[in-house]
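Residue numbers (full-length UniProt numbering): 1 to 683. Read through the structure below, which is laid out as structure tokens, and then see the notes.
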């Protein structure tokens, strides 16, 4: 019997639908004919053992029976890593174990990423499966994509490095989180735990640095002289001009006034140069998850987690979009042949007018096999199942329009530049005049038009032509601080860390490859920091709290520096590519943790005291975030009122009733239904 093991029930059912044979539902699996069965996990069903497992039995215990945290046991480095079955997954583990006894081969059907690879591989390892194992790589769950993937199974051993990369990440997070949280908490004179994370701490540091830069910012007055010769032309700044500061601003108002006065007195300006060139702008590339989160944050005000949830629903539930956790914005050229079928499906899904003007034969810059990584850009599949919620439908429309734009002509505009000379000074005017909407017709002519150049009418001019200076003025302006982070801009900063790094050498090295976290984890990192009260939301903005700032300032720079964490992500990529072994990566992490424990012993921390000052505000912010930003769950069995879907600190989903406040685990067979109730103690 061939046994497919999927990452979650919805994925398992999606695969079973297109397997041969009659389908019959068993307890935790689906039988497909005589020779095939499909079962599933519920995310990770095994987890790393806790530190208490690795520490001596004679360590004193707390009243709750947990071993006390002491420097004597640090660092905690497992000689041999052990995993344990999650309590709520033991029944499903038994189902998988029994099916493996009957299996002649297994197909790993984890999500198509490093975490999905490990999630199923670790089940096979823990249950001691030694038989042949294949891998199915599902970029989308529509019928065509699933059938294509079923016909091209690979040897699971080919993905061993990807599995090792996920294991390396998990061990690094454990080594840092478990050891350094203990170490810095032991040095904390305030109340509470000092949470330290490999990615969350430098992410928090980004927000703290931005907030403090804004608060310490001192606006600077500067001046922009202009003349009007039938159109407005701005003075071309010269660094050697009196009143221009080191940052390139004209800060002397009197000098600006003198420029304008002389121009008025002169009364004429001569055309020094004039160009009028027709230019083209191609459609923007497709969506990576980070880019989708950025756009949806700006246009829809959605949190990063909400966008990921919507994209995941489009992939799993509605079969309407491809795999969302991708860092790539390109498509393989081999898939261009599918365009006609996808466009046809989109026409039936309500986009007929836009599809009518699309040319399925057109190849935009998005089609580039050489730039496709493990996953291609997020695109629609042309299929649709079920009814979308309003939020999911809005995200879907953004994805669809991005794809449709690839089959429209370029946007054409005329770029005009006039350079005038008056009183020995240069004055410049520019304008971009639309000629043909092209792909912008998909969005509406003005949507997404971020041109800073005003479309003022500038007539055709000839070099040497003399114009009359009709008017002149000085625009008084002020420098502005950087904007506060939003979900979208913080995700962008995490994925493009080089943009917020000031060291030029580090910026160059980080530009191509490095980031904080991954497409799959960034949204949850933000939510974790919000939940723990280190950050808060105010409208669309994300701000650091007093507690968050106290934590960042108390920790060594090595733990808060995003550059070092980004380079750790590079090392994980090296593991997935086979250039660095799991053992080499882990050894480097152990050395780092040992060094940070020594730094903790010399540290003075009072984070808990700072947190108490913002706890009420932080809790209120968390309540708003969870209640307003999470997916609706099933009705509460106790009071029949709606529930919302939340996550534990470990990332396990649960339902919380907004009426009676009771909490429930999802049903093990159907994650959309209510299962067992939490005990009063856990609630």
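Glycine included, every Cβ here is placed at the ideal spot set by N, Cα and C. As the structure is a prediction and not an experimental result, all values here were calculated from the model.
query, result
"Residue 278 in three-state terms, based on DSSP", "strand"
"Residue closest to residue 29, alpha-carbon to alpha-carbon, out of 676, 126 and 96", "96"
"Element boundaries [beta strand (DSSP E), containing residue 435]", "425–436"
"Exposure of residue 101, with buried meaning 16 or more beta-carbon neighbours within 10 Å", "exposed"
"Helix, strand or coil at residue 542 [DSSP, three-state]", "strand"
"Cβ pair residue 313, residue 668 closer than 8 Å", "no"
"Residue 130 (DSSP reduced to helix, strand or coil)", "coil"
"Residue span of the beta strand (DSSP E) that contains residue 637, given as start and end", "From DSSP, residue 637 is part of no beta strand (DSSP E); its letter is neither H nor E."
"CB contact flag (residue 213, residue 479, <8 Å)", "no"
"Close beta carbons around residue 197, own chain, < 6 Å, minus the five adjacent residues each side", "177"
"Supposed contact pair residue 2 and residue 36 - C-beta distance, whole angstroms, cut 8 Å", "5 Å"
"Contacting residues, own chain, Cβ-Cβ under 8 Å from residue 186 (five flanking each side not counted)", "69, 70, 71 and 600"
"Where the beta strand (DSSP E) through residue 328 begins and ends", "Taken as a continuous stretch (DSSP letters only), residue 328 belongs to no beta strand (DSSP E), as it is neither H nor E."
"Reduced DSSP category for residue 38 - H, G, I as helix; E, B as strand; rest coil", "strand"
"Neighbour-count burial assignment, residue 565, 16 or more Cβ in a 10 Å radius", "buried"
"Three-state secondary structure assigned by DSSP to residue 70", "coil"
"Per-residue burial, residue 353 [other beta carbons within 10 Å of its own, 16 or more giving buried]", "exposed"
"Residue environment, residue 440, which counts as buried when at least 16 other CB atoms sit within 10 Å", "buried"
"Burial state of residue 8, where buried means 16 or more other Cβ atoms lie within 10 Å", "buried"
"Of the listed residues 402, 322, 183 and 491, nearest to residue 374 (C-alpha basis)", "322"
"Coil, strand or helix - residue 522 by DSSP", "helix"
"Distance, residue 201 Cα to residue 615 Cα", "Only weak support exists for where residue 615 lies, its pLDDT of 47 falling under 50; the value from the coordinates is given anyway. Taking the straight line from one Cα to the other gives about 19 Å."
"Integer-rounded CB distance, given that residue 525 should sit under 8 Å from residue 515", "Residue 515 to residue 525, Cβ: 12 Å. No contact."
"Secondary structure of residue 251, DSSP reduced to three states", "coil"
"Between the CA atoms of residue 380 and residue 484 - distance to the nearest angstrom", "32 Å"
"Classification of residue 191 by the beta-carbon crowding that lies within 10 angstroms, buried from 16 upward", "exposed"
"Under 8 Å between C-beta atoms of residue 444 and residue 412", "no"
"Residue from 499, 166, 319 and 347 whose Cα sits closest to the Cα of residue 388", "319"
"Sequence-distant residues of the same chain with beta carbon closer than 7 Å to residue 18, five excluded per side", "143, 146, 147 and 150"
"Limits of the unbroken alpha helix (DSSP H) element including residue 667", "Note, residue 667: premise wrong, no alpha helix (DSSP H); not H, not E."
"Local conformation of residue 136 per DSSP, three classes", "coil"
"Neighbourhood of residue 628 by C-beta distance below 7 Å, restricted to the same chain and skipping five residues each side", "Because the pLDDT at residue 628 is just 35, under 50, the model does not fix this residue reliably, and the value given afterwards should be weighed accordingly. Contacts found: none."
"Opposing strand residues paired with residue 422 [DSSP bridges]", "425"
"Reduced DSSP secondary structure (H/G/I, E/B, other) of residue 466", "strand"
"Span separating the alpha-carbon of residue 499 from that of residue 562", "11 Å"
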